[in-house]
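Trainee:
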Amino acid sequence: MKIAIVGTGYVGLVSGACFAENGSEVFCVDIDKQKIENLQKGIIPIFEPGLEEMVQRNQKAGRLFFTTDLRPIIDDIEAVFCAVGTPSDEDGSADLKYVLEVARTIGQNMNKYILFVTKSTVPVGTSKLVHKTIQEELDKRGLSIEFDLASNPEFLKEGAAIKDFMSPDRVVVGVESERAKNLMSILYRPFLLNNFRVIFMDVASAEMTKYAANAMLATRISFMNDIANLCELVGADINMIRNGIGTDTRIGNKFLYPGLGYGGSCFPKDVKALIKTAHDKGYQMQILEAVENVNDNQKMVLYHKLVRYFGHIALNEKARSASLCEIPDMEIYVAGEAAIKGKTIAIWGLSFKPETNDMRKAASVVVIEKLLEAGCHVRVYDPVAMDEAKLLLNDSVEYCKDIHSAALGADALMLLTEWKEFRLPDWAVIKKLMNIPVIFDGRNIYNRQELNDAGFDYHCIGKA
Ligand code: NAD
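This is how it looks when you write it as structure tokens:
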């Protein structure tokens, strides 16, 4: 089958490569000329394991093409997938201008039946707007041409996108006609030959399913972070709690990791958009509002720990002494904020999660901005996100070539993204490089005893 995918970002490029891998002829379209020129040469704009090889293989095989112009191919394709961005508008709602632009181009240029598939995450009701937009353009041309709409939200995870797309848990498809249902079945059959798990439903429910899934996952993250913060106050260990509840089959063990909150291009904007959709309908999503609040606060948790640590030292107390509980927290905090001024802080990990160079809504940006505001000098290292980070942080921080150069002369080290290469550093070497041996582990990947034995003070999330 011949298809076009408009928007060649994470979702569009991965979808395009995977559809081509399974035999479809795919035209990936984007308005970003530089991106398309690079892709035509086999240069991939994002870091995603396995993607580069797959793109190059399918280009060579003559099944995957890149172009900036959708118009000349519209009459050659049976379906067009819309995978453009749907960023947050100022009021939190999803901005649909890119989606509707694609719909307009289709309406202005189609001369035969086409299936318009929305893959972007869009609020319930968007398909009606897309229908209206295409129809208006056809009316202007005085044409009556049949077309269908489908909603096919994407559930891939950055960092595991190829695996998720090639062997999905399920594919959700909202359709309004048998013709659309048949086309979508044919397209997805190769992915699910052994166990066909395409869940067909109406379009509004498909659009809503995507938001409900992301909202549920964001809720689990904020819930665990809330419990983790309480664990610290009551002397419990969140890692134990996670094991204890994750083994309950009703709960399951996924998305129970405490940390610095969720980030990335999806959860923050999708939670916001769902709250806004409800608000527009006169309903308040109270749980999701709390999920957002907890998440915003969580990004600052490690910074607060750092301030308190140096506050304790400034007040001439031992940082791990229990008697410190008697000093009012405010006094420690004020002393800490003064004490961290001029300190050098090493940061390991910048991307919003491992296996991606995506920096959108990454906790690292919030933490680093706060450190800079407090007068710290910041040395950063990430295995793949350095170029993306430079676009956001410019020359406000020092970019280092590896974990060792980042740790050089540091008064504290913060682990913000749990890349595999950070898991087993040689602590004896790190200790020699650092000025003050203290680790703030924002992802709970280290063992306190091992670090204490190596001469470090260690602070993590959800364990006092
Ligand atoms: P992205 O920002 O990486 O890519 C979007 C691309 O669309 C950009 O390259 C942009 O240049 C292009 N574009 C914009 N307008 C265009 C137009 N009129 N014609 C052609 N190209 C155009 O976005 P993304 O992360 O791939 O997300 C796309 C959609 O998929 C969003 O709605 C997002 O919420 C959803 N989604 C993303 C993920 C993810 O992990 N990134 C997962 C599931 C769903």
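Using the numbering used here, the first residue of the sequence shown is number 2, and each one after it goes up by one.
The beta-carbon is built from N, C-alpha and C at its ideal position, and this holds for glycine as well.
Y459 lies in the beta strand (DSSP E); which residues open and close that run?
Mentor: Y459 -> beta strand (DSSP E) spans D458 to H460.
Trainee: Looking only at its own chain, which residues have a Cβ that is under 6 angstroms from the Cβ of C19, when we skip the five neighbours before and after it?
Mentor: Within the same chain, C19 has close Cβ partners F166 and M167.
Trainee: Can you give me the C-alpha to C-alpha distance between Y11 and I404, rounded to a whole angstrom?
Mentor: Answer to the nearest angstrom: the Cα atoms are 28 angstroms apart.
Trainee: Which runs of the alpha helix (DSSP H) fall wholly inside the region 394-420 and span at least 4 residues, in chain order?
Mentor: Fully enclosed alpha helix (DSSP H) runs of 4 or longer: 404-408.
Trainee: So, are the CB atoms of L393 and L434 less than 8 angstroms apart?
Mentor: Taking 8 angstroms as the Cβ cut-off, L393 and L434 do not qualify as a contacting pair.
Trainee: To the nearest whole angstrom, what separates the beta carbons of E155 and S16, a pair I think is in contact under 8 angstroms?
Mentor: Yes, E155 and S16 are in contact; Cβ-Cβ is about 7 angstroms, under 8 angstroms.
Trainee: Could you pull the start and end residues of the alpha helix (DSSP H) that A21 belongs to?
Mentor: Start and end: Y11 to E22.
Trainee: How many Å lie between L1 and S397 at the Cα?
Mentor: The requested residue 1 is not part of the displayed model; the chain covers only 2 to 465.
Trainee: Here's the rule: buried if 16 or more other CB atoms are within 10 angstroms of the residue's CB, otherwise exposed. What is K61?
Mentor: K61 comes out exposed.
Trainee: Buried or exposed: where does A323 fall if 16 or more other Cβ atoms within 10 Å of its Cβ makes it buried?
Mentor: Reliability fails at A323, whose pLDDT of 44 lies under 50, so the model's placement of it is uncertain and no value is given.
Trainee: Could you tell me how far apart the beta carbons of W349 and F423 are, in whole angstroms, since I believe they sit closer than 8 angstroms?
Mentor: Contact flag correct, Cβ pair sits at about 5 angstroms.
Trainee: Tell me the DSSP secondary structure of L130 in three-state form.
Mentor: DSSP places L130 in helix when its eight states are reduced to three.
Trainee: Please indicate yes or no: does the CB of T87 lie closer than 7 angstroms to some heavy atom of the ligand NAD?
Mentor: Correct: T87 has its Cβ closer than 7 angstroms to the ligand NAD.
Trainee: Taking just the CA atoms, how far does R171 sit from N153?
Mentor: Those two C-alpha atoms are separated by around 11 angstroms.
Trainee: Would G8 and V85 qualify as a contact pair, given that the criterion is a beta-carbon distance under 8 angstroms?
Mentor: A contact, by the Cβ cut-off of 8 angstroms.
Trainee: Quick check on this structure: which residue in K391, F268, T134 and I239 has the alpha carbon closest to the alpha carbon of V366?
Mentor: Measuring from the Cα of V366, the nearest candidate turns out to be K391.
Trainee: Verify whether the separation of the beta carbon atoms of T119 and T127 is less than 8 angstroms.
Mentor: In this structure, T127 lies closer than 8 angstroms to T119 by Cβ.
Trainee: In terms of residue numbering, what span does the alpha helix (DSSP H) encompassing G245 cover?
Mentor: Element bounds for G245: I239 to G247.
Trainee: Apart from the five residues on each side of it in sequence, which residues of its chain come closer than 7 angstroms, Cβ to Cβ, to G51?
Mentor: These residues qualify, in order along the chain: I163.
Trainee: Using three-state DSSP, classify S89 as helix, strand or coil.
Mentor: In the structure shown, S89 sits in a strand (DSSP, three-state: E or B).
Trainee: If I measure Cβ to Cβ from P46 and keep anything under 6 angstroms in the same chain, skipping five residues before and after, which residues do I get?
Mentor: K36, listed in sequence order.
Trainee: Got a sec: does the ligand NAD put a non-hydrogen atom nearer than 7 angstroms to the Cβ of V103?
Mentor: Checking every heavy atom of the ligand NAD against the Cβ of V103, one is found closer than 7 angstroms.
Trainee: Drop a sphere of 10 angstroms on the beta-carbon of Y304, count the other beta-carbons inside from all chains shown, and report buried for 16 or more, exposed for fewer.
Mentor: With 16 or more other Cβ atoms within 10 Å, it is buried.
Trainee: CB of G13 to nearest heavy atom of the ligand NAD: below 7 angstroms?
Mentor: Yes, the Cβ of G13 comes within 7 angstroms of a heavy atom of the ligand NAD.
Trainee: Run through the DSSP bridge pairs and tell me what T68 is partnered with.
Mentor: Note: T68 sits in a beta bridge opposite V30.
Trainee: Could you name each continuous alpha helix (DSSP H) segment of 4 residues or more that falls completely within the region 252-338, going from the start of the chain to the end?
Mentor: Runs of the alpha helix (DSSP H) inside the region 252-338: 268-281, 287-299 and 302-315.
Trainee: Look at the Cβ atom of A455, then the Cβ atom of K432, and state whether they are nearer than 8 angstroms.
Mentor: Against a cut-off of 8 angstroms, the Cβ pair of K432 and A455 comes out as a contact.
Trainee: Could you give the residue range of the alpha helix (DSSP H) that holds F166?
Mentor: A162 to M167 is the span of the alpha helix (DSSP H), which, as asked, contains F166.
Trainee: Might you give, ordered along the chain, the residues of its own chain that have their beta carbon closer than 8 angstroms to the beta carbon of R198, omitting 5 neighbours on each side?
Mentor: So the list reads P169, D170, R171 and V172, once near-sequence residues are dropped.
Trainee: First and last residue of the beta strand (DSSP E) that includes R105?
Mentor: Per DSSP, R105 belongs to no beta strand (DSSP E); it is in the alpha helix (DSSP H), K98 to N110.
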